[in-house]
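Worksheet: one structure, shown below.
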Amino acid sequence: MIPSTPPTVIWNNINTPQLNLRQIKQYEDYVALRIECSISSGVPLTPSVLHVNEKVRKAHTTLVLNGITATQEMRRLKEKSLRRLERDEGTIIIANYGPITVYDARLRVAKDQQNRRANQDAELRRYYAKEVRDEAVYLRRWLFSVRKLLRSSLKEYHPIEQHRSQPSYSQEVRPFTVSEFFIKTQSELCIKSTELLATRYCAHREMHGKMKESKLLAKQARDAQQEHIPKIFPFYWNPPFLLPFDYNINIVKDAVDLIASPSRKQRGKQKALSVNDDELDIDESEDDEEIEEEEEAEEGEEDDDDISVKDTIEVR
9 MIPSTPPTVI WNNINTPQLN LRQIKQYEDY VALRIECSIS SGVPLTPSVL HVNEKVRKAH
69 TTLVLNGITA TQEMRRLKEK SLRRLERDEG TIIIANYGPI TVYDARLRVA KDQQNRRANQ
129 DAELRRYYAK EVRDEAVYLR RWLFSVRKLL RSSLKEYHPI EQHRSQPSYS QEVRPFTVSE
189 FFIKTQSELC IKSTELLATR YCAHREMHGK MKESKLLAKQ ARDAQQEHIP KIFPFYWNPP
249 FLLPFDYNIN IVKDAVDLIA SPSRKQRGKQ KALSVNDDEL DIDESEDDEE IEEEEEAEEG
309 EEDDDDISVK DTIEVR
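So the sequence shown is numbered by the working numbering: it starts at 9 and just counts up by one.
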């Protein structure tokens, strides 16, 4: 029998099957049979058999190359894992509580560094709070001395006598209103206001620091023999005690807030209490008659010599 290719089959339109071992074995047997028949009969092989034989050869070559490559890749991965294991074993450090690796050591170092920075920040905050408390001590001392001085001078202040001591340039009667009595009352309120006096202390410290800084700059310019010497900030303040040498506006402001916070809280509570009182509904119908009776009794006892704000007193 002479082998021949069926004319109805178009091999170019047929997909190549998957290369599994069973199909490859069948193709090899078929190609070997065709080659044996061609040798025994002396008939050359058909182009399709030659094509299939070439495909089988390429497939064998690919499998061999893949096997070699896979073997080399497996050997490389194994050697890499062995080197990693040796490196990890070489980087183990015997610590106090057992062996640790370099990664654990780095993690501990990072944690220690984070804790050290946190402790440094906490120490800076603690030192800053201590400076604020020290500044508050100086502020309380200044408030005590200033209030003592102002109260003594205010006690000796008499508005009527001061008005009488003024020179008169005419024979007319000089009017003296009752509103001038409120000068002393307002001064007493200012003395009692801790927040107002503390703000004044903050302004004095700021201007005093600016004056000292301008003096230092002028001295440095004179020592360096510069042509332009900065002007000294004109401010003179003679406190009754020695102030801290280091000046920081933030520390002074925080000290002022520390001293003035109780008065602010008290004022806020009083304001809230007044708002709550305004919201209350009080029934005063029962007390109207008693109030009218009291007003009638007071009108009978009142004199006509009461002084109002717009009244005037003749001082001769």
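Ideal Cβ positions, reconstructed from N, Cα and C, are used throughout, including at glycine.
Would you say VAL64 and GLU94 are within 9 Å of each other, going by their C-beta atoms? Walking along the sequence shown from the start, residue 64 turns up at place 56. Walking along the sequence shown from the start, residue 94 turns up at place 86. Against a cut-off of 9 Å, the Cβ pair of GLU94 and VAL64 comes out as no contact.
Have a look at ILE43 and LEU53 and give me their C-alpha separation to the nearest angstrom. For the purposes of this step, residue 43 is identified with residue 35 of the sequence shown, where counting begins at 1. For the purposes of this step, residue 53 is identified with residue 45 of the sequence shown, where counting begins at 1. Cα to Cα, the separation comes out at about 7 Å.
ASP37, enclosing alpha helix (DSSP H) - first and last residue: Mapped onto the sequence shown, residue 37 falls at position 29. Segment 29-49, the alpha helix (DSSP H) holding ASP37.
Between the alpha carbons of SER153 and SER271, how many angstroms are there, rounded? In the sequence shown, counting from the first residue as 1, residue 153 sits at position 145. In the sequence shown, counting from the first residue as 1, residue 271 sits at position 263. Going by the C-alpha atoms only, they are around 19 Å apart.
Reference LEU29, options VAL57, LEU41 and ALA67, closest by Cα: Translated into the one-based positions of the sequence shown, residue 29 becomes position 21. The shortest C-alpha separation from LEU29 is found at ALA67.
Who are the Cβ neighbours of PRO247 in its own chain at under 7 Å, not counting the five residues just before and after it? Taking the sequence shown and counting its residues from 1, one reaches residue 247 at position 239. These residues qualify, in order along the chain: TRP150.
For GLU196, the nearest candidate out of ALA144, LEU41 and SER161 (CA to CA): Sequence index remark: in the sequence shown, residue 196 carries index 188 (1-based). For the residues ALA144, LEU41 and SER161, the minimum Cα distance to GLU196 belongs to SER161.
Going by DSSP in three states, PHE152 sits in which element: helix, strand or coil? In the sequence shown, the residue the question calls residue 152 occupies position 144. If DSSP states are grouped into helix, strand and coil, PHE152 belongs with the helices.
Collapsed DSSP secondary structure at LYS261 in the structure displayed: Counted from its first residue, the sequence shown places residue 261 at position 253. In the structure shown, LYS261 sits in a helix (DSSP, three-state: H, G or I).
When the cut-off is 9 Å and only beta carbons count, does TYR209 lie next to chain C? Absence of chain C from the displayed structure is noted, only one protein chain being present.
How long is the line joining the alpha carbons of SER46 and ASN21, rounded to whole angstroms? What you label residue 46 is simply residue 38 of the sequence shown in a count that begins at 1. What you label residue 21 is simply residue 13 of the sequence shown in a count that begins at 1. Cα to Cα, the separation comes out at about 26 Å.
Taking contact to mean at least 3 C-beta pairs separated by less than 8 Å, is the segment 125-138 in contact with the segment 263-270? no
Could you tell me the alpha carbon to alpha carbon distance between ARG213 and ARG133, rounded to whole angstroms? Along the sequence shown, read from residue 1 onward, the residue named residue 213 stands at position 205. Along the sequence shown, read from residue 1 onward, the residue named residue 133 stands at position 125. Approximately 22 Å, taken between the alpha carbons.
For the segment 119-133 against the segment 234-251, do three or more pairs of beta-carbon atoms, one drawn from each stretch, fall closer than 8 Å, so that the two count as touching? Output reads no: the segment 234-251 does not touch the segment 119-133.
Should GLU143 go down as buried or exposed, given a rule of 16 or more other Cβ atoms within 10 Å for buried? Position 135 of the sequence shown, counting from 1, holds the residue named residue 143. GLU143 should be labelled buried.
How close, in whole Å, do the beta carbons of SER222 and LYS239 come, if the pair is a contact with beta carbons under 8 Å? Looking up residue 222 in the sequence shown gives position 214. Looking up residue 239 in the sequence shown gives position 231. The pair is a contact, with the Cβ atoms about 7 Å apart (cut-off 8 Å).
Helix, strand or coil at SER271 according to DSSP, with G and I counted as helix: The count along the sequence shown starts at 1 and reaches residue 271 at position 263. If DSSP states are grouped into helix, strand and coil, SER271 belongs with the helices.
Within this structure, are the beta carbons of ALA268 and ALA211 separated by less than 9 Å? Indexing the sequence shown from 1 puts residue 268 at position 260. Indexing the sequence shown from 1 puts residue 211 at position 203. Going by C-beta atoms, ALA268 is not nearer than 9 Å to ALA211.
Distance, Cα to Cα, LEU224 vs GLN234? Against the sequence shown, residue 224 aligns to sequence position 216. Against the sequence shown, residue 234 aligns to sequence position 226. LEU224 and GLN234: Cα-Cα distance of roughly 14 Å.
Excluding five sequence neighbours on each side, which residues of the same chain lie with their C-beta closer than 8 Å to the C-beta of LEU41? As a working mapping, residue 41 is identified with position 33 in the sequence shown. Answer for LEU41: no residue qualifies.
6 Å CB neighbourhood of GLU203 in its chain, flanking five on each side removed: Within the sequence shown, residue 203 is the residue found at index 195, counting from 1. Closer than 6 Å at the Cβ level, and outside the excluded window around GLU203, lie ALA268 and SER271.
With distances taken Cα to Cα, identify the nearest neighbour of ARG159 among ARG83, GLN194 and ASN127. For the purposes of this step, residue 159 is identified with residue 151 of the sequence shown, where counting begins at 1. A check of alpha carbon separations from ARG159 across ARG83, GLN194 and ASN127 identifies GLN194 as the nearest.
Spatial neighbours of ASN61 within its chain, please: C-beta separation below 6 Å, excluding the five flanking residues on both sides. Taking the sequence shown and counting its residues from 1, one reaches residue 61 at position 53. Around ASN61: VAL39.
When the distance is taken between beta carbons, is PHE249 closer than 9 Å to TYR146? Against the sequence shown, residue 146 aligns to sequence position 138. Against the sequence shown, residue 249 aligns to sequence position 241. Going by C-beta atoms, TYR146 is nearer than 9 Å to PHE249.
Backbone CA spacing between LYS273 and HIS236 [nearest angstrom]: Residue 273 sits at position 265 when you count from the first residue of the sequence shown. Residue 236 sits at position 228 when you count from the first residue of the sequence shown. Distance between the alpha carbons of LYS273 and HIS236: 50 Å.
Would you kindly report the start and end of the unbroken alpha helix (DSSP H) that includes GLN228? Locating residue 228 in the sequence shown gives position 220, counting from the first residue. Per DSSP, GLN228 belongs to the alpha helix (DSSP H) from 202-231.
State the CB to CB distance for the pair LYS218 and PHE241, rounded to an integer number of angstroms; the pair is presumed to be in contact (CB under 8 Å). Within the sequence shown, numbered from 1, the residue matching residue 218 stands at position 210. Within the sequence shown, numbered from 1, the residue matching residue 241 stands at position 233. Rounded, the Cβ-Cβ distance is 5 Å, consistent with contact.
Can you tell me whether PRO242 is helix, strand or coil according to DSSP? Residue 242 sits at position 234 when you count from the first residue of the sequence shown. Three-state DSSP puts PRO242 in coil, outside helix and strand.
Which value, in whole angstroms, describes the spacing of the CA atoms of ASP129 and VAL260? Mapped onto the sequence shown, residue 129 falls at position 121. Mapped onto the sequence shown, residue 260 falls at position 252. Computed Cα separation, rounded: 21 Å.
Buried or exposed: VAL57, going by 16 or more other Cβ atoms within 10 Å of its Cβ? Position 49 of the sequence shown, counted from the start, is the residue given in the question as residue 57. It is buried - the Cβ of VAL57 has at least 16 other Cβ atoms within 10 Å.
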